[in-house]
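Residue numbers (our numbering): 559 to 890.
Glycine is no exception: its CB is placed at the ideal position from the N, C-alpha and C atoms.
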Ligand SMILES: Cc1ncc(C[n+]2csc(CCOP(=O)(O)OP(=O)(O)O)c2C)c(N)n1
């Protein structure tokens, strides 16, 4: 990403995207370029109009992957708070109007039902998306049941709720997690963990998510060691037993019980939220699971624009700023 020399570059891939169907046609080779173009469009627009910058730069690859795997608006993608919905707007037919972002009569900085069938809720209040998703899924299940009973073939629509680790500290999210675990419907919750709320996240939930991240490191360590052991001749004997003991010790250091699994969710992750291939592969698998799933995705707030990466709290919500150095306009 060329954070500092963006003006003048052509936007050639993004300008041809009018709906998620077009996102699915983009070749793997062009995906990095698409993400660069999305970041360029977001930075240029927010630098003029103000808006939520760092949160949006962090979810570019995640949102592209969601629109490649799911079929919005047949499937619902719900954004918690929805301050991070700019990529979603750019991919769902609002690219050409995007310069009006947050202007009177222009594109809203949040999801708005009147603006697009791809926006399922008028959001703004944090921690509501899991509950909204569950409500939608319950209604769709009812409709699909009636369709089946009258001999029609329902579509099996999917619901995805994207919630940040900051919004996950709000109590409402836990009522919804408890309810979803009980109903056992195929609600897909994407936990966008950038270790930041508006400023650095803290408290026991944040600490717990870090523990889960360590679990991911353990899993990668385990696959690495298992692959290595397979290559050693006679590894089933003494060496194998020794390695098994080391693995148990490392596991004890990192692994605790999984809160989400205990609530009845399948836990997937943690995944690299900037690796589209890894995201897509896992999301395609998750799409088929017949139970609630939580996909833990690690992202970097402000990704691709160094002033925002270095100071994500100041770039969470900004007024106009200078792209070359991130200097913000002063309001006296
Ligand atoms: C009820 C309520 N309280 C506070 C806020 C202010 N607020 C806006 S975004 C946000 C959370 C940001 O953290 P996170 O969900 O992790 O998203 P990120 O910006 O880090 O991607 C909060 C608390 C709000 N929107 N609603």
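What residues match up with residue i in a beta bridge as DSSP calls it?
i           : result
residue 594 : None, per the DSSP bridge assignment.
residue 719 : 636, 747
residue 829 : 855
residue 521 : With the chain covering 559 to 890 only, the question about residue 521 has no answer from this structure.
residue 758 : 754
residue 879 : 886
residue 824 : 851
residue 609 : 876
Could you tell me the alpha carbon to alpha carbon distance between residue i and residue j, rounded to whole angstroms?
i           : j           : result
residue 667 : residue 687 : 17 angstroms
residue 801 : residue 856 : 29 angstroms
residue 707 : residue 632 : 21 angstroms
residue 615 : residue 787 : 40 angstroms
residue 880 : residue 750 : 28 angstroms
residue 861 : residue 765 : 22 angstroms
residue 849 : residue 586 : 30 angstroms
residue 837 : residue 768 : 20 angstroms
residue 638 : residue 728 : 11 angstroms
residue 569 : residue 595 : 6 angstroms
residue 593 : residue 797 : 46 angstroms
Looking only at its chain, what residues have a beta carbon closer than 6 angstroms to the beta carbon of residue i, apart from the 5 residues adjacent to it on each side?
i           : result
residue 611 : 604, 866, 873, 876
residue 582 : 626
residue 859 : 612, 616, 752, 754, 870
residue 828 : 771, 774, 854, 856
residue 731 : 685, 688
Within a Cβ cutoff of 8 angstroms, which residues of the same chain sit near residue i, ignoring the five residues on either side of it in sequence?
i           : result
residue 579 : none
residue 651 : 576, 577, 674, 676
residue 696 : 741, 743
residue 819 : 825
residue 661 : 607
residue 823 : 735, 738, 739, 747, 849, 850, 851, 852
residue 574 : 580
Any beta carbon of chain B sitting closer than 7 angstroms to that of residue i?
i           : result
residue 853 : This model lacks chain B altogether, as it is built from one protein chain only.
Within the same chain, show all residues whose beta-carbon is closer than 7 angstroms to that of residue i, passing over the 5 residues directly before and after it, in chain order.
i           : result
residue 886 : 876, 877, 879
Count the CB pairs spanning the region 659-676 and the region 708-724 that are closer than 8 angstroms, and state whether there are at least three. Not touching, per the Cβ criterion.
Would the region 713-725 and the region 630-647 be scored as touching if the rule is three or more Cβ pairs under 8 angstroms? With contact defined as three or more Cβ pairs closer than 8 angstroms, the region 713-725 and the region 630-647 are in contact.
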